[in-house]
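For reference, the structure discussed in these notes is given below.
Number of protein chains: 4
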Amino acid sequence: MHKGISSEMIKQVIAFSKDRDWEQFHNPKDLAISISIEAAELLENFQWTGSSTEGKDSKNMKEELADVMIYCILMGHAMNVDLESIIREKLVQDGEKYPVSKAKGNAKKYTEF
Amino acid sequence: MHKGISSEMIKQVIAFSKDRDWEQFHNPKDLAISISIEAAELLENFQWTGSSTEGKDSKNMKEELADVMIYCILMGHAMNVDLESIIREKLVQDGEKYPVSKAKGNAKKYTEF
Amino acid sequence: MHKGISSEMIKQVIAFSKDRDWEQFHNPKDLAISISIEAAELLENFQWTGSSTEGKDSKNMKEELADVMIYCILMGHAMNVDLESIIREKLVQDGEKYPVSKAKGNAKKYTEF
Amino acid sequence: MHKGISSEMIKQVIAFSKDRDWEQFHNPKDLAISISIEAAELLENFQWTGSSTEGKDSKNMKEELADVMIYCILMGHAMNVDLESIIREKLVQDGEKYPVSKAKGNAKKYTEF
Numbered sequence: 000m001h002k003g004i005s006s007e008m009i010k011q012v013i014a015f016s017k018d019r020d021w022e023q024f025h026n027p028k029d030l031a032i033s034i035s036i037e038a039a040e041l042l043e044n045f046q047w048t049g050s051s052t053e054g055k056d057s058k059n060m061k062e063e064l065a066d067v068m069i070y071c072i073l074m075g076h077a078m079n080v081d082l083e084s085i086i087r088e089k090l091v092q093d094g095e096k097y098p099v100s101k102a103k104g105n106a107k108k109y110t111e112f
Numbered sequence: 000m001h002k003g004i005s006s007e008m009i010k011q012v013i014a015f016s017k018d019r020d021w022e023q024f025h026n027p028k029d030l031a032i033s034i035s036i037e038a039a040e041l042l043e044n045f046q047w048t049g050s051s052t053e054g055k056d057s058k059n060m061k062e063e064l065a066d067v068m069i070y071c072i073l074m075g076h077a078m079n080v081d082l083e084s085i086i087r088e089k090l091v092q093d094g095e096k097y098p099v100s101k102a103k104g105n106a107k108k109y110t111e112f
Numbered sequence: 000m001h002k003g004i005s006s007e008m009i010k011q012v013i014a015f016s017k018d019r020d021w022e023q024f025h026n027p028k029d030l031a032i033s034i035s036i037e038a039a040e041l042l043e044n045f046q047w048t049g050s051s052t053e054g055k056d057s058k059n060m061k062e063e064l065a066d067v068m069i070y071c072i073l074m075g076h077a078m079n080v081d082l083e084s085i086i087r088e089k090l091v092q093d094g095e096k097y098p099v100s101k102a103k104g105n106a107k108k109y110t111e112f
Numbered sequence: 000m001h002k003g004i005s006s007e008m009i010k011q012v013i014a015f016s017k018d019r020d021w022e023q024f025h026n027p028k029d030l031a032i033s034i035s036i037e038a039a040e041l042l043e044n045f046q047w048t049g050s051s052t053e054g055k056d057s058k059n060m061k062e063e064l065a066d067v068m069i070y071c072i073l074m075g076h077a078m079n080v081d082l083e084s085i086i087r088e089k090l091v092q093d094g095e096k097y098p099v100s101k102a103k104g105n106a107k108k109y110t111e112f
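Chains as they are written, first to last, in numbering that gives the first Met the number 0: chain A, 0 to 112; chain B, 0 to 112; chain C, 0 to 112; chain D, 0 to 112.
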């Protein structure tokens, strides 16, 4: 059900870029720009609409979500960080900021607790 | 080196949200908004600077990249899609748009080939 | 009621930057990045919430909207374009894409008419 | 040289929307989303490139900058705020955070002075 992303897939994403000699363009600043651009293209599916995915172009949503993830993988590669590690560390940090006892059922920022 | 993201980690991200009763807030529209916001926070590290990560706050960059990935995982969950599958399908599609023979060494959009 | 933005105010925004020797940082690429960052900060006011401004931090919303406009003014200055002219030209173009007869009461993109 | 945006132009932008019965869609949340989307389209002109406008599609840049401004005008209308006033107030506030004596010639955030 909740499948992960295999190291084989990470390698394929990086190889895709390497095969095209694109690593020369993939500096961290332009990758960060690219993540923002793809995030906005994903968001465009929700402009002027309700909050669910109903009645929306699910093919486009999947493609744009994939694009955000692909650039995140390339960003991790360019920064030489292990994606699982930084996610794990962020969850630990978020767990301290948002203990269940305070955060349960509300969407406030921790600075407003 | 190029480690993936385990299904165990995907489960932890989803459990983190479930434990806090946050699934009520995590509709696709607000998750797409959140991906854009975190992408902009990552990008802020590169405002008024050069394109490398040198001299930058690497701790903050890792945290913001992790935040983008965390919301992507939650988005995949809300859309009930398998992340590895949509990345694989996108690479196939990009491979057709950007064959090595045409794309090698240039950063043009496929519409400009 | 619908007051404009005076040329005096445009001059003040540019002078603010010039007085601080910030024009060296204000290249078009970093200004475009800055517009995106401020737009995301404005958007953050609407994360996990309803679509109106009710119950929101109107002070922060005004500040972030002002920030987006300030960077747009600086971008217009960096690109050496007259803001009123480009808005007028865009409205003409949009009027052709979205004639009242087709666009009235629907939020579809012109490519879907 | 540094021309402003006339109240007549503000009225035209609002009338364009009103004529198409689009005010029903133009709630603050979706307008904030739209500002972010247009900001990303402007930013796309600078993906994988240098920081100046040289060699870029100046027609597209003007159109996207105009789109950001148009949605800012509609956002000001939806929030019932006067754009010139909020820009003026923001400059006063920024002037306190960034006095010339401290900010001159550096791009640091005021929290790092």
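Glycine is no exception: its CB is placed at the ideal position from the N, C-alpha and C atoms.
Beta carbon of residue i, beta carbon of residue j: below 8 angstroms?
i       : j        : result
Lys28/C : Phe45/D  : yes
Ala14/B : Lys89/A  : no
Ile36/A : Glu43/D  : yes
Ile86/D : Met78/C  : no
Ile34/C : Cys71/C  : yes
Leu73/B : Leu30/B  : yes
Asn59/B : Ser51/A  : no
Lys61/D : Val80/C  : yes
Ile4/C  : Ile4/D   : yes
Val67/A : Ala102/A : no
Could you give the distance in angstroms between the alpha-carbon of residue i and the alpha-carbon of residue j?
i        : j        : result
Lys2/D   : Phe112/C : 36 angstroms
Gly54/C  : Thr48/D  : 42 angstroms
Ala106/B : Lys107/C : 31 angstroms
Phe24/C  : Asp18/B  : 45 angstroms
His76/D  : Asp93/D  : 24 angstroms
Gly104/B : Ser84/A  : 32 angstroms
Ser6/D   : Ser100/A : 52 angstroms
Asp20/A  : Val12/A  : 13 angstroms
Val91/B  : Glu40/C  : 35 angstroms
Glu63/C  : Glu63/D  : 19 angstroms
Quick one: residues in its chain with C-beta nearer than 7 angstroms to the C-beta of residue i, no 5 flanking neighbours on either side, listed in chain order?
i        : result
Tyr109/A : Lys96, Tyr97
Asp56/C  : Asn44
Lys16/A  : Per the sequence presented here, residue 16/A reads as Ser, with Lys not at that position. If we look at Ser16/A and ignore the five residues flanking it on each side, its Cβ neighbours are Glu22, His25, Leu73.
What are the residues in the region 28-50 of chain B lying within 9 angstroms of chain C by C-beta distance? Asp29, Ile32, Ser33, Ser35, Ile36, Glu37, Ala38, Ala39, Glu40, Leu42, Glu43, Phe45, Gln46, Trp47, Thr48
Contacting positions in the region 4-29 of chain C - beta carbon closer than 8 angstroms to chain B: Phe24, Asp29
Quick one: which residues of the region 78-112 of chain D get their C-beta closer than 8 angstroms to a C-beta of chain B? List them in chain order. Ala106
Closer than 7 angstroms, Cβ to any Cβ of chain D: which residues of the region 56-73 of chain C, in chain order? Met60, Lys61, Glu62, Leu64, Ala65, Asp66, Val67, Met68, Ile69, Cys71
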